[in-house]
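A short write-up of the structure that comes next.
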Amino acid sequence: MRHSPARSVLALFAVAVVLPLALACGPDAAPASAPDADAGRSPDTRRIVLIAGRPSHPPGMHEFRAGTMLMQKALSGIAGLQVDVYTGGWPSREVDGERVDDHAALDGADAIFIYADGGSGHPVLRGDRARVIDELASRGVGLGFAHYAVEVPAEAGASTLMRWLGGHYEHLYSVNPMWSPDFRSLPDHPVTRGVAPFSTHDEWYFNMRWADDPETARRITPLLVATPSDGVRRGPYVHPAGPYDHIIEASGREETMMWVYERPDGGRSFGFTGGHTHANWGDVNQRRLVLNALLWIAKMEVPEGGVVDTITAADLEENLDDK
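Each residue of the sequence shown is one higher than the last, beginning at -19 in the working numbering.
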């Protein structure tokens, strides 16, 4: 859901799982980062950085901190993987009493996942963060974006998201209804290992804006595909309510709600449009799909049956933002 007009895995003995947590300190604050995140890390250990956005929306929605920490716990049994979570937005550190961006926190990352509000408030839009992601991507670092983080305004850097993801949410072109897509079949891909057909009621965005060149299209593999009913197409959407003629006119067309992209720079990316409703991480298939994707973009082998975790219903109640 969005309310703004702009739109809204351990080497058995040697892995240090770092969880740098702090409270946000003002509108531009981010939590304390971990400058020694690589200390004691085996050279063979892969590192995934999860960036959780600041609190937003009512309780149970956009629970970025709880969601990323759940993913960290779910991946804790994977040998050779270190997962670091930064909550409250972009990694930061304190200098002379002020919070400043700590780009060094991303050094050594094999993959970066952003689960945060997007649109005009997207974490990558501030300062030189987009340049930092570009530099990391050019070295083959994996990139993942979930829910609102698959959107930035066209005038404020949509071309960068297109470059990183091969497609993105575009305001007034894409739509964001609350609905229950029926993901009846999934393609044969490492990310879909162990994932059975499922359906969750969520704000599943669709009608992404895709890159229009054939080479980029060839590098994209849709993973979650379903056909919205005409009623879903007519809306209402979360914001704006719609409906849009071009969405109604596409009646019967399949839509993609998660995809992977093998970038020309050798890196891997994925976009996932669900994730609005925190309780849906309790669905083992939705959760496994994203966990598998995190391993895949970090260029790790996805287990034959996918990531098997020990997440319980009680885990879903942990680390929720105070809203």
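Glycine is no exception: its CB is placed at the ideal position from the N, C-alpha and C atoms.
Q) Where does threonine 236 sit, in a helix, a strand or coil, going by DSSP? A) As a first step, residue 236 is located in the sequence shown; it is residue number 256 there, counting from the start. Reduced to three states, the DSSP call for threonine 236 is strand.
Q. So what does DSSP say about glycine 246, is it helix, strand or coil?
A. Along the sequence shown, read from residue 1 onward, the residue named residue 246 stands at position 266. Three-state DSSP puts glycine 246 in coil, outside helix and strand.
Q. What distance in whole Å lies between the Cβ atoms of tyrosine 217 and proline 133, which are believed to be in contact at a cut-off of 8 Å?
A. Translated into positions along the sequence shown, residue 133 becomes position 153. Translated into positions along the sequence shown, residue 217 becomes position 237. Contact doesn't hold; Cβ gap of about 17 Å is too wide.
Q | Distance between leucine 50 and alanine 293 (C-alpha atoms, nearest Å) | A | Working through the sequence shown from its first residue, we reach residue 293 at position 313. Working through the sequence shown from its first residue, we reach residue 50 at position 70. Spanning the two alpha carbons is a distance of roughly 11 Å.
**Q.** Short Cβ contact (9 Å threshold) for leucine 145 with tyrosine 241
**A.** As a position in the sequence shown, residue 145 is number 165, starting the count at 1. As a position in the sequence shown, residue 241 is number 261, starting the count at 1. Cβ atoms of leucine 145 and tyrosine 241: closer than 9 Å.
(Q) In whole angstroms, give me the CA-to-CA distance for alanine 91 and glutamate 43. (A) Position 111 of the sequence shown, counted from the start, is the residue given in the question as residue 91. Position 63 of the sequence shown, counted from the start, is the residue given in the question as residue 43. Straight-line Cα distance between these residues: approximately 21 Å.
Q. Rounded C-beta distance between tyrosine 309 and tyrosine 185? I'm assuming under 8 Å.
A. Nothing about residue 309 can be read from this structure; the chain reaches only from -19 to 303.
Q) Per DSSP, leucine 204 forms a beta bridge with which residues? A) The sequence position of residue 204 within the sequence shown is 224, counting from 1. Paired residue(s): Met238.
Q) beta strand (DSSP E) containing serine 72: first to last residue? A) Indexing the sequence shown from 1 puts residue 72 at position 92. Segment 72 to 75, the beta strand (DSSP E) holding serine 72.
Q.
If the criterion is Cβ atoms closer than 9 Å, does the pair valine 270 and glycine 99 meet it?
A. Here residue 270 corresponds to residue number 290 of the sequence shown, with the count starting at 1. Here residue 99 corresponds to residue number 119 of the sequence shown, with the count starting at 1. It is not a contact, given that the beta carbons lie outside the stated cut-off.
Q. Since alanine 91 sits in a beta bridge, which residues does DSSP pair it with?
A. Taking the sequence shown and counting its residues from 1, one reaches residue 91 at position 111. Answer is Ile28, Gly122, bridged to alanine 91.
(Q) Report the CB separation of methionine 237 from alanine 191 in whole angstroms; it is logged as a contact under 8 Å. (A) As a first step, residue 237 must be located in the sequence shown, where it is residue number 257. As a first step, residue 191 must be located in the sequence shown, where it is residue number 211. Contact doesn't hold; Cβ gap of about 17 Å is too wide.
Q | Cβ pair leucine 300, proline 39 closer than 9 Å | A | For the purposes of this step, residue 300 is taken as residue 320 along the sequence shown, with counting starting at 1. For the purposes of this step, residue 39 is taken as residue 59 along the sequence shown, with counting starting at 1. Against a cut-off of 9 Å, the Cβ pair of proline 39 and leucine 300 comes out as a contact.
Q) What are the boundary residues of the beta strand (DSSP E) that includes glutamate 78? A) Position 98 of the sequence shown, counted from the start, is the residue given in the question as residue 78. Element bounds for glutamate 78: 78 to 81.
Q: Output the distance between the C-alpha atoms of glycine 101 and serine 36, rounded to the nearest integer angstrom.
A: If you number the sequence shown from 1, residue 101 lands on position 121. If you number the sequence shown from 1, residue 36 lands on position 56. Between glycine 101 and serine 36, the C-alpha separation is close to 11 Å.
Q) Are the segment 272 to 286 and the segment 50 to 68 touching by the rule of at least three beta carbon pairs closer than 8 Å? A) yes
Q: Using three-state DSSP, classify tryptophan 261 as helix, strand or coil.
A: Residue mapping note: residue 261 aligns to position 281 of the sequence shown, counting from 1. Looking at tryptophan 261 - three-state DSSP - the assignment turns out to be helix.
Q) Cα-Cα, which of Asp162, Leu203, Ser231, Arg173 is closest to valine 288? A) Counting from 1 along the sequence shown, the entry for residue 288 is found at position 308. Considering only alpha carbons, the answer is Arg173.
Q: For histidine 126, I'd like the list of residues in its chain whose CB is within less than 6 Å of its CB, leaving aside the five on either flank, ordered along the chain.
A: Translated into positions along the sequence shown, residue 126 becomes position 146. Note that residue 126 is alanine in the sequence shown here, rather than histidine. Tyr95, Phe252, Gly255, listed in sequence order.
**Q.** Minimum C-alpha distance to glutamate 284 - residue among Pro170, Asp182, Ala85
**A.** Sequence index remark: in the sequence shown, residue 284 carries index 304 (1-based). Out of Pro170, Asp182, Ala85, Pro170 has the C-alpha closest to the C-alpha of glutamate 284.
Q: Go to valine 212, then tell me how far its alpha helix (DSSP H) extends in each direction, as first and last residue.
A: Residue 212 sits at position 232 when you count from the first residue of the sequence shown. Looking at the DSSP string, the run of the alpha helix (DSSP H) that includes valine 212 is 210 to 214.
Q.
What does DSSP give as the partner residue(s) for glutamine 62 in the beta ladder?
A. Taking the first residue of the sequence shown as 1, we reach residue 62 at position 82. Its beta-bridge partners are Arg27.
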